[in-house]
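Visitor: Chains as they are written, first to last, in the numbering used here: chain Z, -19 to 105; chain E, 63 to 546; chain D, 111 to 601.
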Amino acid sequence: MPTTLHKVACIICAHASQGGALRPNTPDLPVSLDKVQVQHIAALARLRVADDEIAETVDKLSRIVDFVAQLSQAATDDVVPMAHPLNQVQRPRPDRITESNDRDRIQSNAPAISDGFYLVPKVLE
Amino acid sequence: MNAAWEVVIGLEIHTQLATRSKIFSGAPTAYGAEPNTQACLVDLGYPGVLPVLNEEVIRMACKFGLAVNATIAKRSIFARKNYFYPDLPKGYQISQLELPIVEHGELFIKDADGNDKRIGITRAHLEEDAGKSVHERFDRHSGIDLNRAGTPLLEIVSEPDLRSAKEAIQYMRKIHTIVRYLGISDGNMQEGSFRCDANVSVRPRGQQELGTRSELKNLNSFRFVEKAINFEVKRQIEILEDGGKVVQETRLYDSDRDETRAMRSKEEANDYRYFPDPDLLPVAISDDYIETVRKSLPELPDAKQQRFVGDYALKPGDAAILTANRLLADYFEEAARHSDAEVRLIANWIIGDLSAAMNRDGIDIGDCRIAAADLAGLVDRIHDNTISGKIAKEVFEAMWAGEGTADEVIETKGLRQITDSAAIETIVDKVIAAHPNQAADYKAGKNKLIGFFVGEVMKETGGKANPAQVNDVLRSKLGKLADQ
Amino acid sequence: MSASSRDLHAQPLTQLAAGLSRGDFSALELTQALLARIERHNGSLNAFVTVTVDEALAAAKRADADRAAGKGGVLNGLPIVHKDIFCTRDVLTTCGSRMLENFVSPYDATVVERLADAGAIMLGKSNMDEFAMGSSSETSYFGPVRNPWDTERSPGGSSGGSSAAVAARLVPAATGTDTGGSIRQPAALTGTTGLKPTYGRVSRYGMIAFASSLDQAGVITRSAGDAALLLGVMAGFDERDSTSVDRPVPDYVAGLAGSLKGVRVGVVRQHFDAGLDEHCAAAVREALAVLESQGAILTEVDLPNLDLSVPTYYVVAPAECSSNLSRFDGVRFGHRADDPEDLMDLYCRSRGEGFGAEVKRRIMTGTYVLSAGYYDAYYLKAQQVRQLISDDFRHAFADVDVIAGPTAPTPAFKLGDKTDDPVTMYLNDIYTIGANLAGLPGISVPCGFVDGLPVGLHLVGPHFAEESLLCCAHQYQQLTDWHEQCPGDYR
């Protein structure tokens, strides 16, 4: 039974999703991936996988997917998913300014800057 | 209003919370700094850094929730919204999905017939703002400024209960007023601390199912929101009446052309892959905490407006103007406290001359050049006939220019009203004698000439004669002429 | 040079501390001696990415001056090495990756700060599996680390550089991180002592994140006593880490004194199955017998969901890392592709070039299990199974004080042996992973040899039971000398 989180996430991406390269939720977990899926995942993750690496990537990812499919066997009705190992709550900090401008030192590490801005190839909006 | 179609609108408002430091780091949030001078390592998403929640944002979100009658979550969690964009340094935005801090609120607007209409507020949640990009400054490159990254936002989502652009604006204005009243946001749309996206769809009247909606963005003034919605409604109706289908998409409002356009950038299949952020723990809020916040709430706009109508016998319209801004309302009440005059006089001066002067100088009530007590002093001098209403305007301008209190200006410029009957009679006699032709015309029945004579007396007295007395004396003397 | 300085490298941390205290040698002498050893031996091991010669010598001189002035912290003059996953200010921090090949960190991790404030001297940054993803230290961009017991073999991972450096006596102690076993497993494979504290015991601020709900900083040393000394300095609340726990830090060194009598030791039924090398099993059983001989009570316990721990981990950890590594995009720091055509190209090529194959696989696995349509079936499900696994431990700890077993299923394997099938590599962590999923503290101590290769005994305790774990380990090390063995070439 999909959770609220999942439902909302689906609503959010349902209208944006095009082509539906990923298969919809099925009760039995898939035990392998195909090239199209892997290419879609790589694009989502902004990872370039070279043409000569694709086949190996598909193979190894499929093995992993096959391996973790065992989870579907576990009986987890009514089990609350664990987000954190210890039962703690957030300790907030006071609203105080504790950082001062250190831009030049920090930007000495930056690949491409100009006038204090970080540069990227021009983005069209 | 189109009878065949019903418009359905939901608004998503992002308001920046006015904290000193960012939501997850100790960098400052002040607007307008040099690029990347207010972006610390946490804001920049450097390797190894971690977020720590600012306690003030919890308080501010609670205040908002209480002000809109919402449920405050005893336990709320942060989630990561994953996507790549240069102004999003970590490659994910820390936001809330399940278990937002505020849910199921409401506020009331007036529908077309003037009746109260409830607008549901689905949720309000906390998240961090992204940085900014500039696209025109660098050759073939965009420049990224991350000062804004990490500024706290409260995203307020309404139910799709709004049925027209006018309703949408009302709702938006109410939210705008509330957040400023609560002191949680300065609501400055020009600086981007109050932003609105609108989800707009239409459906045949009577149909239950919602039509396909489009999301309108880049609406940075109330006026633009209204125009954009109206354009979009018209656009969608035209498509549907032609037998077409509305495409679900994001559209930007172009204020130069007054139209909405589909966003050019290929909106990649944005699968945000939300999951609870493991670096942040659940936020626990106790009943005691909520009560403490509740006690600290100021009187809210609706309640204040009603009280002004009741206590001060103000017209609802005037009360609404005075309570639209909490500082203005406080100013009004302080002035009223200091004055013996009719409260409505005070209200008129604030709504009229004071507001005009502030507009003219581009300042708001916080920087007003006349203290409330001093405005009261001015109004009292009208009330006790020391000066006329007309002279008062001159005194006001002098006070605005910093020349002193009403009494000081009146004294310095010798603007006391002439109320001595004998003095007025003498001048009236003089004026009548100087204008025998007009006197004769008046005798012959041209009663409107009274205005001319009043003008002449005023000129003679430098405007200082009490106009009512002048009028009375003139009528009496001219009348006597008529009888002769 | 005094006679004793020839043996300085052979002394464990606590002994060195005493020597410094007595003035047997100076911090400078000690640092110089170890730097010389590193120079001599690192080539055969590739344990270091960076050796901070100048900084170390300067720090050593300062330490000596502090000591002379009566100042200086509890670790004054003691050399350590930091796993290259900890940010070190003004020093290269690579995480074993091309992505951070030239990244000089602008700040210090909390762990680094605390150890430095206590007087410890950083000799360098140790090599590791790229972004801590691996169990063999073979995925490093800077080449694999070699095991000093047999340089054709892996020292384990991902803290392989730290464990090799300590095993080869290049440094008496090193920091490490443990997400699925990355301190304990390399400790077992190199005959050293590796401690992973309870989740939240040590700050993660400045520790480059792999899987945020599993990562913990810890140490690799030559004995439980050494680990106790370091943990006392590293542990404690840090306001910069929301997941750090505000809980008093006990005196771990004082806590070492104790007895094994009456300690209830749980032995997991599921551990001693076909997956465990029989010689390793024998060594571990012998170790359990030693404990028993001192009065410990062995009890069988059940961890019914044990075999799901590795699949659970390989959903949760990749999911978190796929998100944690999104910040590496070539914009503000790190590797950037040349002449990107557009934004997409900038991202895809910078990340494609900067990350190695295993890292990319994990990012993709994580992206997949979080994606629309799969979140419930994978990620949510895995977090539920994680709760079951945690419950299993809780039930077990109702009956026992500590759970003991093997750290790794086999001794050190040959480099290249397990790199074809990722799943084979993943199964190395079968015994250690449960502790990460449940946030429990764990320690591995040497307990024997198989064909000249070390075997580790793994002890896991309830949350914040570091004191009793260290005590147990220490008592065991009073009765055995496995932990004092040194690989032949490095004596």
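Quick reminder that beta carbons are idealized off the backbone N, C-alpha and C, glycines included.
All of these numbers come straight from a predicted model, not from anything done at the bench.
1. For D:H568, is the classification buried or exposed, using 16 other Cβ atoms within 10 angstroms of its Cβ as the cut-off for buried?
2. Within 8 Å of any Cβ in chain D, is that where the Cβ of Z:R28 sits?
3. Taking 8 Å as the threshold (beta carbon to beta carbon), is D:F443 in contact with chain E?
4. Which two residues bound the contiguous alpha helix (DSSP H) that contains D:N152?
5. Using only the alpha-carbon positions, how far apart do E:P90 and Z:A90 sit?
6. Please report the Cβ distance between D:S272 and D:G286, rounded to the nearest whole angstrom; I am assuming they are in contact, meaning their Cβ atoms lie under 8 Å.
7. Spell out a yes or no on whether the region 239 to 254 of chain D and the region 492 to 502 of chain D are touching, meaning 3 or more CB-CB pairs, one atom from each, closer than 8 Å.
8. List the residues of chain D whose Cβ lies closer than 9 Å to the Cβ of E:N144, in chain order.
9. Thinking just about the alpha-carbon of each residue, which of D:S403, D:R357, D:L416 is nearest to the one in D:Q380?
10. Going by the CB atoms, is the gap between E:Y393 and E:I427 shorter than 8 Å?
11. So what's D:Q404 in DSSP terms, helix, strand or just coil?
12. Which residues of the region 497 to 514 of chain D have a Cβ closer than 7 Å to any Cβ of chain Z? Give them in chain order.
13. Using alpha carbons as the reference points, say which of E:Q368, E:S263, E:R323, E:I472 lies closest to E:I299.
14. List the residues of chain Z whose Cβ lies closer than 8 Å to the Cβ of E:I120, in chain order.
15. I'd like the span of the beta strand (DSSP E) that includes E:T322, first residue to last.
16. My understanding is that D:A319 touches D:A427, with C-beta atoms under 8 Å, so please give their C-beta distance in whole angstroms.
17. Relative to the ligand NAP, is the shortest distance from any of its heavy atoms to the C-beta of E:K143 smaller than 7 Å?
18. Quick one: using the 10 Å Cβ neighbour count with 16 as the cut-off for buried, is E:G517 buried or exposed?
19. Using the beta-carbon of each residue, which ones in chain Z are nearer than 9 Å to E:V345?
20. Candidates Z:L27, Z:P74, Z:V100, Z:Q68: which alpha carbon is nearest E:R121's?
21. Classify E:Q232 as helix, strand or coil using the three-state DSSP reduction.
22. Answer yes or no: do D:A219 and D:F196 have a C-beta to C-beta separation smaller than 8 Å?
23. Enumerate in chain order the residues of its own chain whose CB-to-CB distance from E:A398 is below 6 Å, with the five nearest sequence positions on each side excluded.
24. Are there 16 or more other CB atoms within 10 angstroms of the CB of E:E198, so buried, or fewer, so exposed?
25. What in chain E is Cβ-close to D:I318, meaning under 8 Å?
26. Ends of the alpha helix (DSSP H) at D:H505?
27. Whose CA, out of E:C124, E:D248, E:T354, E:T481, lies closest to the CA of E:N533?
28. From the beta carbon of E:I206, is the nearest beta carbon of chain Z less than 8 Å away?
29. Could you tell me whether the Cβ atoms of E:H166 and E:T133 are closer together than 8 Å?
30. Looking at chain Z, is there any beta carbon in it that lies within less than 8 Å of the beta carbon of D:L453?
31. What runs of the alpha helix (DSSP H), each 4 residues or longer, lie entirely inside the region 7 to 45 of chain Z?
32. Between Z:L24 and chain E, is any beta-carbon pair separated by less than 8 Å?
33. For the region 33 to 48 of chain Z, enumerate the residues whose C-beta is nearer than 9 Å to any C-beta of chain D, in chain order.
34. Is Z:V100 close to chain D? Criterion is C-beta to C-beta, closer than 8 Å.
35. Using only the alpha-carbon positions, how far apart do D:A522 and E:L215 sit?
36. Excluding the 5 residues flanking D:L345 on each side, which residues of the same chain have their C-beta closer than 6 Å to its C-beta?
Guide: According to the data block:
1. Counting every other CB atom within 10 Å of its CB across the protein chains shown gives D:H568 a total of 16 or more, marking it as buried.
2. yes
3. yes
4. 137 to 155
5. 22 Å
6. 5 Å
7. no
8. S432, S433, S436, T477, L480
9. D:L416
10. With contacts defined as CB atoms closer than 8 Å, E:I427 and E:Y393 qualify as a contacting pair.
11. coil
12. Q497, L498, S500
13. E:S263
14. P72
15. 321 to 324
16. Rounded, the Cβ-Cβ distance is 11 Å, inconsistent with contact.
17. This structure does not include the ligand NAP; it has no bound ligands of any sort.
18. By the neighbour-count rule (16 or more Cβ atoms within 10 Å), E:G517 is not buried but exposed.
19. V69, Q70, P72
20. Z:P74
21. helix
22. yes
23. V405, I408
24. exposed
25. Ordered by position in chain E, the residues that pass the 8 Å Cβ test against D:I318 are P109, G110.
26. 491 to 507
27. E:T481
28. yes
29. yes
30. yes
31. 15 to 24
32. yes
33. E33, E36, T37, K40, L41, R43, I44, V45, D46, F47, V48
34. yes
35. 52 Å
36. First, the amino acid is wrong: residue 345 of chain D is Ala here, not Leu. R311, V312, V359, listed in sequence order.
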